[in-house]
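**Q** Take the sequence shown: its position 330, counting from 1, is numbered 336 in our numbering, and each next residue is one higher.
Heads up, the beta-carbon is just placed ideally off N, CA and C, and yes, glycines get one too.
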Amino acid sequence: MTSFTALQVREIAPGQFERSLVQRSVDELPQGEVLIRVRYSSLNYKDALSAAGNRAVTREYPHTPGIDAAGVVEQSAVAEFAPGDEVIVTGYDLGMNTAGGFAQYIRVPAAWVIKRPEGLSLRDAMTLGTAGLTAALCVDKLEQAGLEPGQGPVLVTGATGGVGSLAVLLLSSLGHEVVAVTGKADQAEHLRELGASQVIGREALQAGTGKPMLKEQWAAAVDTVGGEILFNVVKSLRRGGSVACCGLTAGTDFAGNVFPFILRGVNLLGVDSVEIPLMTKAAMWDKLSLQWKLPGLERLVHEVDLAQLPAEMDRILAGGQIGRVLVRID
Ligand SMILES: NC(=O)c1ccc[n+]([C@@H]2O[C@H](COP(=O)([O-])OP(=O)(O)OC[C@H]3O[C@@H](n4cnc5c(N)ncnc54)[C@H](OP(=O)(O)O)[C@@H]3O)[C@@H](O)[C@H]2O)c1
């Protein structure tokens with residue numbers, strides 16, 4: 007019986023949650039065809055919500071969060087995977103109500119598992135993680151809606167966060183003019199190094215909420231924050247422009263009107279990285295390993311071990327995240 011270390015979140019009193027490292031047995035893991043020895047995971051906003059006891063993410067505790075994992079197959083009940091294969095798992099129910107990647111082992115359905123693409127190491131894959139997959143899906147949707155380099159500025163909100171900073175890097179490396187929106191004025195230089203040609207304060211996107219339309223500015227946008235900021239982005243898209251909406255750190259609601267849609271023909275594109283078909287995820291990982299392989303990822307990574315994760319979770323919930331937190335498991 008193999009025992010292993012996991013980060014566990016427990017409800018110690020109603021509404022009060024504690025995070026600690028515990029020893030678990032592989033036998034306690036959920037059923038699934040593939041047992042994976044995890045080498046790296048990464049911290050996403052949703053993991054911090056799970057660790058804080060958010061029941062929209064995780065219904066039952068004790069629980070091990072971690073929506074991302076990259077590692078080596080140890081046992082497989084299906085022919086597609088063999089012991090020793092290097093694999094990636096992101097999303098589906100991993101880390102939500104299935105014990106997640108903040109542990110030395112996970113056991114999951116084969117239908118969640120992707121073989122590591124040749125062009126990415128396990129470490130690279132988790133440097134990107136769900137955040138990188140989501141940034142890529144956003145850019146892909148914008149391209150499908152007609153975005154091409156040279157059409158004008160592309161806005162990225164929540165630009166210093168995981169999804170935001172990878173979207174800035176990807177868009178700029180594809181030749182787009184990127185305007186980064188941030189609440190962290192001291193990170194302007196960092197965002198310029200990632201490829202933003204202009205950095206603007208978050209407050210600029212919070213003004214004018216009462217107006218039905220705003221001046222046309224952006225050819226397209228990646229919005230990671232939602233709320234009123236998202237609607238102000240919709241109202242300031244250029245004619246025919248699109249915004250890919252993927253996040254909620256500024257809020258889940260926004261008050262809207264139809265004018266930008268019926269007078270400027272703009273598009274609001276929803277992006278989900280979690281429940282999309284495995285084939286779509288695999289195609290995006292292939293792209294991230296080849297034609298969309300990102301230069302200089304090390305600039306935005308901060309590596310921690312499981313014991314250091316709780317402090318990082320507090321930081322991400324407080325909106326203080328800069329770049330990506332890579333979690334070294336072994
Ligand atoms: N749809 C999907 O499949 C999917 C996948 C991944 C993530 N997400 C969502 O996307 C969002 C970003 O995820 P992440 O992992 O990149 O999180 P993150 O690293 O914490 O980044 C979020 C960023 O949002 C900005 N922010 C924080 N609080 C804010 C507030 N009150 N108002 C406005 N901006 C605020 C901050 O950037 P600045 O300080 O630079 O403004 C922060 O760094 C989350 O809501 C997450 O749940 C969705």
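With F10 as the anchor, note down where its beta strand (DSSP E) starts and where it stops.
**A** 9–19
**Q** Can you tell me whether L269 is buried or exposed? The criterion is at least 16 other CB atoms within 10 Å of its CB, across all chains shown.
**A** exposed
**Q** Can you tell me where the alpha helix (DSSP H) with T140 in it begins and where it stops?
**A** Here the alpha helix (DSSP H) through T140 covers 128–150.
**Q** Evaluate L300 with the Cβ neighbour count: other Cβ atoms within 10 Å of its Cβ, from every protein chain shown; 16 or more gives buried, anything less gives exposed.
**A** buried
**Q** What span of residues does the beta strand (DSSP E) with R305 cover, start to end?
**A** Neither: R305 is in no beta strand (DSSP E) and is coded neither H nor E.
**Q** Pick out whichever of A88, A194, A105 has its Cα sitting closest to the Cα of T64.
**A** A105
**Q** Going by DSSP in three states, W224 sits in which element: helix, strand or coil?
**A** strand
**Q** Buried or exposed: V28, going by 16 or more other Cβ atoms within 10 Å of its Cβ?
**A** In this structure V28 is exposed. Its beta-carbon is surrounded by fewer than 16 other beta-carbon atoms within 10 angstroms.
**Q** Please state if the CB of F23 and the CB of Y51 are separated by a distance shorter than 8 angstroms.
**A** no
**Q** Where in the stretch 259–311 do unbroken runs of the beta strand (DSSP E), each at least 3 residues long, occur, reported from the N-terminal end onward?
**A** 273–276, 307–311
**Q** Is the CB-CB distance between A109 and L49 below 8 angstroms?
**A** A distance of 8 angstroms or more separates the beta carbons of A109 and L49.
**Q** Count the other C-beta atoms from every protein chain shown that fall within 10 angstroms of the C-beta of P71, then say buried if there are 16 or more, exposed otherwise.
**A** Around the CB of P71, 16 or more other CB atoms lie within 10 Å, so the residue is classed as buried.
**Q** Which residues mark the beginning and the end of the alpha helix (DSSP H) in which D53 is found?
**A** Element bounds for D53: 51–57.
**Q** From L176 to L143, what distance separates their C-alpha atoms?
**A** Rounded to the nearest angstrom, the two C-alpha atoms are 11 angstroms apart.
**Q** Contact defined as beta carbons within less than 8 angstroms: I believe A3 pairs with I73. What is the distance between those atoms, to the nearest angstrom?
**A** Since the displayed the chain opens at 7 and closes at 336, residue 3 lies outside it and no answer follows.
**Q** Using a Cβ-based criterion (distance less than 7 angstroms to any ligand heavy atom), does A317 qualify as near ligand 1?
**A** no
**Q** Taking E34 as the reference, which of R25, I112, H182, R245 has the closest Cα?
**A** I112
**Q** In this structure, how does DSSP classify Q212 when only helix, strand and coil are distinguished?
**A** Here Q212 carries a coil assignment [DSSP, helix/strand/coil].
**Q** Taking only the alpha-carbon atoms, compute the straight-line gap between A289 and E39 and give it to the nearest angstrom.
**A** 22 angstroms
**Q** If you draw a straight line from the C-alpha of L197 to the C-alpha of A83, how long is it?
**A** The alpha-carbon separation between L197 and A83 amounts to approximately 45 angstroms.
**Q** So what does DSSP say about F108, is it helix, strand or coil?
**A** In the structure shown, F108 sits in coil (DSSP, three-state: anything other than H, G, I, E or B).
**Q** Which residues in the same chain have their Cβ closer than 6 angstroms to the Cβ of S56, if we skip the five residues on either side of it in sequence?
**A** V63, T64, P71
**Q** Who are the Cβ neighbours of H308 in its own chain at under 6 angstroms, not counting the five residues just before and after it?
**A** V331
**Q** Tell me which residues share the same chain as L126 and place their Cβ nearer than 6 angstroms to its Cβ, disregarding the 5 neighbours each side in the sequence.
**A** S295
**Q** A137 and I322 look like a contact to me (Cβ under 8 angstroms); what is the Cβ gap, rounded to whole Å?
**A** About 11 angstroms; that fails the 8 angstroms criterion.
**Q** At a cut-off of 7 angstroms, is T215 close to ligand 1 when judged by its beta-carbon and the heavy atoms of the ligand?
**A** no
**Q** Should D229 be labelled buried (16 or more other beta-carbon atoms within 10 Å of its own) or exposed?
**A** buried
**Q** Could you give the residue range of the alpha helix (DSSP H) that holds K121?
**A** Per DSSP, K121 belongs to no alpha helix (DSSP H); it is in the beta strand (DSSP E), 119–121.
**Q** Taking A76 as part of the beta strand (DSSP E), name the residues at either end of that continuous run.
**A** 74–82
**Q** Report the CB separation of I42 from V78 in whole angstroms; it is logged as a contact under 8 angstroms.
**A** With a beta-carbon spacing of about 7 angstroms, I42 and V78 fall inside the 8 angstroms limit used to define contacts.
**Q** In the structure shown, what three-state DSSP assignment does L161 receive?
**A** strand
**Q** Secondary structure at F87, three-state DSSP: helix, strand or coil?
**A** coil
**Q** With the cut-off set at 8 angstroms, would you say L161 and V187 are in Cβ contact?
**A** Closer than 8 angstroms, so yes.
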